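Below is one structure; the comments refer to it alone.
Quick look at the structure:
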C-alpha cells in the first residue's frame with residue numbers, strides 16, 4: 004500500500020461530525036510529511052466516500068479542498084455534519100478533534 008492509500012484508509016476512520024489534522028494523520032503513519040498528507044487529500048478521487056473534507060490545518064483553519072467548490076464546499080460539508088465554522092476556522096476545535 005502506498006502513502007496515499009494509507010492516508011485514505013485513515014481518513015475513512017474519521018467519524019462524521021469530527022475533524023482531524025494533516026499533522027495527526029502524518030504522525031499516525033510515523034511520518035512528518037504533513038504536506039504529503041495534504042497532497043494525498045488533493046489526489047483523493049473518492050470524496051466524500053473518503054472524507055478528506057474532515058482534514059484541516061493544526062491551527063483550526065479549514066484549509067483548501069480540491070473537489071468542486073473548493074474551501075466553500077468543504078465548509079458546507081463540515082456544517083452539514085454539525086461542525087461549526089467561523090471565519091474559515093473550526094469552532095470548538097479541541098471538542099471535535101479526532102486523534103485516532
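In our numbering, the protein residues as written are 4 to 103. Think of the CB as a built atom: it goes at the ideal place given N, C-alpha and C, for glycine as much as any other residue. Keep in mind that this is a model prediction, so the values were computed, not measured.
- Three-state class that DSSP yields for residue 92 in the structure shown: Looking at residue 92 - three-state DSSP - the assignment turns out to be strand.
- Query: From residue 73 to residue 80, what does the alpha carbon distance come to, in whole angstroms?
  - Reply: Roughly 11 Å separates the two Cα atoms.
- Measuring alpha carbon to alpha carbon, tell me which of 50, 58, 48 ends up nearest residue 27. Among 50, 58, 48, the Cα nearest to that of residue 27 belongs to 58.
- Task: Hey, could you find the ends of the alpha helix (DSSP H) residue 73 is sitting in?
- Result: Counting along the chain, the alpha helix (DSSP H) containing residue 73 begins and ends at 73 to 83.
- Say yes only if the C-beta of residue 85 is nearer than 8 Å to one or more non-hydrogen atoms of the ligand FMN, and no if none qualify. As far as ligands go, the structure on display features none, and thus does not contain the ligand FMN.
- Query: What residues are listed by DSSP as bridge partners for residue 64?
  - Reply: Answer is 92.
- Message: Nearest by alpha-carbon distance to residue 49: which of 65, 15, 23 is it?
- Response: 15 is the residue among 65, 15, 23 whose C-alpha sits nearest the C-alpha of residue 49.
- Item | DSSP-derived helix/strand/coil call for residue 27 | Here DSSP, grouped into helix, strand and coil, assigns residue 27 to helix.
- Message: Between which residues of its own chain and residue 65 is the CB-CB distance below 8 Å, once the five residues before and five after are set aside?
- Response: These residues qualify, in order along the chain: 59, 74, 77, 78, 81, 88, 91, 92, 93.
- Just reading off the alpha helix (DSSP H) that residue 14 is part of, what are its end residues? Per DSSP, residue 14 belongs to the alpha helix (DSSP H) from 6 to 14.
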